[in-house]
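Sequential numbering of the sequence shown, starting at 29, is according to the numbering used here. For each residue, glycine too, the CB sits at the ideal point set by N, CA and C. Worksheet for the structure shown next.
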Amino acid sequence: MDSTENKEILCIVGARPNFTKIAPIIAAMKSKGKRVSPYLLHTGQHYDEAMKASFFKQLGIPEPDVDLEVGSGSHAVQTADVMKKFEPVLDERNPAAVLVVGDVNSTIACALVAAKKGVPVIHVESGLRSYDRGMPEEINRVLTDQISDLLFTTERSALDNLKKEGVESDRVVFVGNVMIDTLMKNVEKAIPMAQTLSDANIAANFENTEFGLITMHRPSNVDDEVVLSSLINTLTSLSEQLPMIFPVHPRTRGYIEKYGLLDEIEKSNITLLPPLGYLHLLGFMKKAKVVLTDSGGIQEETTALGVPCITLRENTERPITIVEGTNTIVGSDPEKIINAFDDIMSTGGKTGCVPEYWDGKAAERIVEYLDDWVK
Ligand code: UD1
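Written out as structure tokens, the structure is:
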């Protein structure tokens, strides 16, 4: 076979956290002299301007070659729709491999279709484990890793997790964190907070004040009335000490309204915003005194930025952010949240250090490896 022949890699994105991961991979594949070239497929799992289009624009991701437009649905419906609509595209393109990132429903759906057709599957961000099967993402991670041919990891602990599940080490390559590639490339381009607030017609000004940033969208935190009410209650009371900004995911907005919690938030020192684009959120994240979140990616981004993070979950699949970074896990227990918050207010919190290979070059390492690996 001609080793200079161009090889198409069918790259999959579906939901918001996928976009930050695929951006540097596509850019690296498109750089000069590469054997592999991307064909970009968006499943349409996330479709709103704020959940999709603004990420593509801000991160310079080319418009997808195909959009399956699956939209929202139960896990079964969404996963099945992606699978059904993905199969004919895979047949038509006949790529050298399918590359999936992260742990969303689109990730497992496309990996499963490809694996059963004998098309090699590449998984970026493999081996992360929360060991909590109540999280839909954990099921997606375990299954995707089992059926992947090549597994790229972001931290060394991932290999131990994979070995325990019988994945051979020679399929696993530690390359670092592509999301941090995106962060490093964009941190100076972050949109100033004042601009985001004025665009949203919000008079509050956070330029000369310390503030906290909240993000929350996990079903375990937002779907249940008792859990969500308790979290909102704790956060509104903390906002008396430190004003907070809270861009609200559509899922969370729905439950806040359903459970009648909007009034309590609006009376507090929490400023609500619609979901933000990547550069908009970064403008707040890099200046925050503390970030309170249940996101996976934000635990890593705050570690890379050196900003203290309180994680509103019982566990994390990204332990390096605890051991080396700025992250503290507290779950949804009010006392633990308040203790971690008080500690940050009085000591400034963990300073941490940036983990190995979170250096802005993970995507380059991936593409260099693929250029040799792909048949
Ligand atoms: C998904 C991922 C999660 C990721 C999150 C980031 C899975 C299992 N979960 O969760 O890992 O952290 O994305 O946002 O894949 N909606 C809109 N507009 C959109 C998209 C969604 O309004 O563009 C609303 C719909 O009401 C939808 C709900 O948000 O039902 C949930 O969307 P979905 O994609 O099912 O899951 P997320 O909670 O976003």
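Which same chain residues end up closer than 7 angstroms to residue i when comparing Cβ atoms and leaving out the 5 residues on each side of it in sequence?
| i | result |
| --- | --- |
| I310 | The question names Ile, but residue 310 is Leu in the sequence shown. So the qualifying residues of the chain are N214, V215, A218. |
| G72 | D95, L96, E97, V98, G99 |
| G334 | T354, T379, G380 |
| L87 | F47, T48, A51, T210, Y306 |
| H308 | I219, T224 |
| K364 | V358 |
| D409 | With the chain represented from 29 up to 403, any question about residue 409 goes unanswered, as that position is not in the structure. |
| M29 | In this prediction, M29 has a pLDDT of 41, which is less than 50 and means its spatial position is unreliable; what the coordinates show is noted afterwards. Excluding sequence neighbours, M29 sits near nothing in its chain. |
| A43 | Q73, H74, V132, S134 |
If we ignore side chains and look at the alpha-carbon of each, how far apart do residue i and residue j end up?
| i | j | result |
| --- | --- | --- |
| Y14 | V250 | With the chain represented from 29 up to 403, any question about residue 14 goes unanswered, as that position is not in the structure. |
| V110 | A232 | 42 angstroms |
| I366 | E285 | 25 angstroms |
| L259 | E342 | 14 angstroms |
| S360 | V41 | 30 angstroms |
| L290 | E196 | 50 angstroms |
| K403 | A124 | 7 angstroms |
| T344 | R157 | 8 angstroms |
| A470 | T237 | This structure gives no information on residue 470, because the portion of the chain shown stretches from 29 to 403. |
| E396 | V200 | 15 angstroms |
| M163 | S248 | 8 angstroms |
| L320 | E153 | 23 angstroms |
| N34 | V128 | 20 angstroms |
| T375 | E292 | 29 angstroms |
| L398 | L118 | 19 angstroms |
| E120 | P45 | 27 angstroms |
| Q269 | N261 | 14 angstroms |
| Y287 | D252 | 9 angstroms |
| E166 | D400 | 30 angstroms |
| M435 | T331 | Nothing about residue 435 can be read from this structure; the chain reaches only from 29 to 403. |
| V141 | M373 | 49 angstroms |
| E77 | G61 | 34 angstroms |
| G194 | F114 | 28 angstroms |
| S257 | R63 | 53 angstroms |
Could you name the residues of the same chain whose beta carbon sits closer than 6 angstroms to that of residue i, not counting the 5 residues immediately before and after it, in chain order?
| i | result |
| --- | --- |
| D177 | P148, V149 |
| T280 | M244, H245, V250 |
| G388 | D209, M212 |
Please classify residue i: is it buried, with 16 or more other beta-carbons within 10 angstroms of its beta-carbon, or exposed?
| i | result |
| --- | --- |
| H151 | buried |
| E329 | buried |
| A222 | exposed |
| N205 | buried |
| V254 | exposed |
| A390 | buried |
| G325 | buried |
| A104 | exposed |
| K80 | buried |
| P383 | buried |
| G240 | buried |
| P303 | buried |
| R161 | exposed |
| S82 | buried |
Hey, is residue i's beta-carbon within less than 7 angstroms of any beta-carbon in chain D?
| i | result |
| --- | --- |
| S265 | No chain D appears in the structure shown, which is made up of a single protein chain. |
Among the residues of its own chain, which have a CB less than 8 angstroms from the CB of residue i, if the five just before and after it don't count?
| i | result |
| --- | --- |
| N168 | D131, V132, N133, T135, I136 |
| I298 | I242, L263, T264, S267, P271, M272, I273, F274 |
| S65 | N34, K35, E36, I37, M57, K58 |
| E235 | M221, A222 |
| E294 | L300 |
Taking Cβ positions, are residue i and residue j nearer each other than 7 angstroms?
| i | j | result |
| --- | --- | --- |
| L340 | D322 | yes |
| A368 | I338 | yes |
| N189 | G155 | yes |
| T107 | A139 | no |
| G377 | P347 | no |
| T356 | Q327 | no |
| I394 | V203 | yes |
| A56 | E392 | yes |
| P92 | H70 | yes |
| W386 | I230 | no |
Using a Cβ distance threshold of 8 angstroms, determine whether the region 40 to 54 contacts the region 200 to 213, with at least three qualifying pairs required.
yes
Okay, do the region 181 to 198 and the region 256 to 275 touch, 3+ Cβ pairs below 8 angstroms being the bar?
no
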